[in-house]
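Q: Okay, so the sequence shown: first residue is 900 according to my numbering, each after it adds one. C-beta: ideal position from N, C-alpha, C; glycine also.
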Amino acid sequence: MDNLFDIYRQKTPSSESLFKRAREVMPGGISHNVHFFPPYPFFLKRAKGSKIWDVDGNEYVDLWMGHYTHILGHHPDVIVEAVQRQAKEGIHWGIVFEKQVEWAELIQELVPSAEMVRFCCSGTEATMYAVRLARAYTGKKIILKIAGGWHGANADLTVGIKAPYEKEESLGLFPELRQYTKIIFFNDPSKSLEIIEQNKKDLAGIILEPVIGEGGFIPATTEYLKVLRSETDRLGALLIFDEV
Ligand SMILES: Cc1ncc(COP(=O)(O)O)c(C=O)c1O
900 MDNLFDIYRQ
910 KTPSSESLFK
920 RAREVMPGGI
930 SHNVHFFPPY
940 PFFLKRAKGS
950 KIWDVDGNEY
960 VDLWMGHYTH
970 ILGHHPDVIV
980 EAVQRQAKEG
990 IHWGIVFEKQ
1000 VEWAELIQEL
1010 VPSAEMVRFC
1020 CSGTEATMYA
1030 VRLARAYTGK
1040 KIILKIAGGW
1050 HGANADLTVG
1060 IKAPYEKEES
1070 LGLFPELRQY
1080 TKIIFFNDPS
1090 KSLEIIEQNK
1100 KDLAGIILEP
1110 VIGEGGFIPA
1120 TTEYLKVLRS
1130 ETDRLGALLI
1140 FDEV
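1. Quick check: what's the CA-CA separation for M1038 versus K998?
2. If we require 4 or more residues per run, which alpha helix (DSSP H) segments fall completely within the region 995-1068?
3. Please find out if some non-hydrogen atom of ligand 1 comes closer than 7 Å to the beta-carbon of V1126.
4. If you drop the 5 nearest sequence neighbours on each side, which residues of the same chain put their C-beta closer than 7 Å to that of A1013?
5. Tell me whether E1068, by its Cβ, gets closer than 7 Å to a heavy atom of ligand 1.
6. Using a threshold of 8 Å, state whether the C-beta atoms of Y959 and I951 are closer than that.
7. With distances taken between CB atoms, is the gap from I1094 to H1050 smaller than 8 Å?
8. H931 by DSSP, collapsed to three states: which one?
9. Could you tell me if A981 is buried or exposed, where buried requires 16 or more neighbouring beta carbons within 10 angstroms of its beta carbon?
10. Buried or exposed, going by whether 16 or more other CB atoms sit within 10 Å of the CB of M1027?
11. Can you find at least 3 beta carbon pairs, one from the region 1114-1131 and one from the region 930-950, that sit closer than 8 Å?
12. Identify the residues that DSSP records as bridge partners of Y1123: which are they?
13. Taking the CB atoms as reference points, tell me whether L1148 and L1134 lie closer together than 8 Å.
14. Give the secondary structure of P1118 by DSSP, where H, G and I count as helix, E and B as strand, and everything else as coil.
15. Following the continuous beta strand (DSSP E) through L1138, name the residue where it begins and the one where it ends.
16. Pick helix, strand or coil for G1104, following the three-state DSSP scheme.
17. If I follow the unbroken beta strand (DSSP E) through Y959, where does it start and stop?
18. Can you tell me whether T968 is helix, strand or coil according to DSSP?
19. Would you kindly report the start and end of the unbroken beta strand (DSSP E) that includes D901?
If you want it as structure tokens, here you go:
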């Protein structure tokens, strides 16, 4: 590993000095926790299609794609033109407008199970609302999440993200959090069923990424999803799929 870090440092001197500068003005040198990796993240200069280039000119195939949001690659012409067109009209009106409704209708057409659509500014915000909705709808408190599952900076779900899962993920969280947010194990129906059973009286919902991202890019098995679906139906809890 040391050797790998040495090679990385040799190839990324400009990123190293940018990171030193960044640490002077941003806590930890980043403004999103997942953007840090040791010994320091490389800084991007350019991105196009499937590729990214850092400030030292290293080229990478981007498997991260803006938290997986750039499903058409980095800024394809069709997106650039649409953004430019809209920028002339305004991009943050802070008041509702027709295109929002059109977009929600289009999403509904493409994803028929999306009976209602709520637009959010981040994945963190979306999972915060989803958890709140589950608690409001059921009148119950407990949320089960996957060990290793990442749902953003949402305090409600800042439990069991990195092994060892019993360890606190961050300072500044309520100690009561673990009473209401507990972990189950991905693709392990029997262990998950045990934990669901233990929490069934106060279960508001189960949240998971159907393809777990930070936890290792692993798809859920159909059997596992069916178990979670039928258990949440049986207990009147919500099953929440989080895909950013
Ligand atoms: C599955 C999932 N949920 C939530 C989030 C948080 O999204 P954001 O960084 O926009 O808050 C991410 C971010 O990568 C994610 O992958």
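A: Straight from the coordinates:
1. Before going on, a small fix: residue 1038 reads as Gly here, not Met. Spanning the two alpha carbons is a distance of roughly 34 Å.
2. 997-1009 and 1022-1037
3. no
4. I1006 and Q1007
5. no
6. yes
7. no
8. coil
9. exposed
10. buried
11. no
12. Looking at the DSSP assignment, Y1123 forms no beta bridge with any residue, so it has no partner.
13. Since the first and last residues shown for the chain are 900 and 1143, residue 1148 lies out of range.
14. strand
15. L1137 to F1140
16. strand
17. E958 to V960
18. coil
19. Premise fails: D901 lies in the alpha helix (DSSP H), D901 to K910, not in any beta strand (DSSP E).
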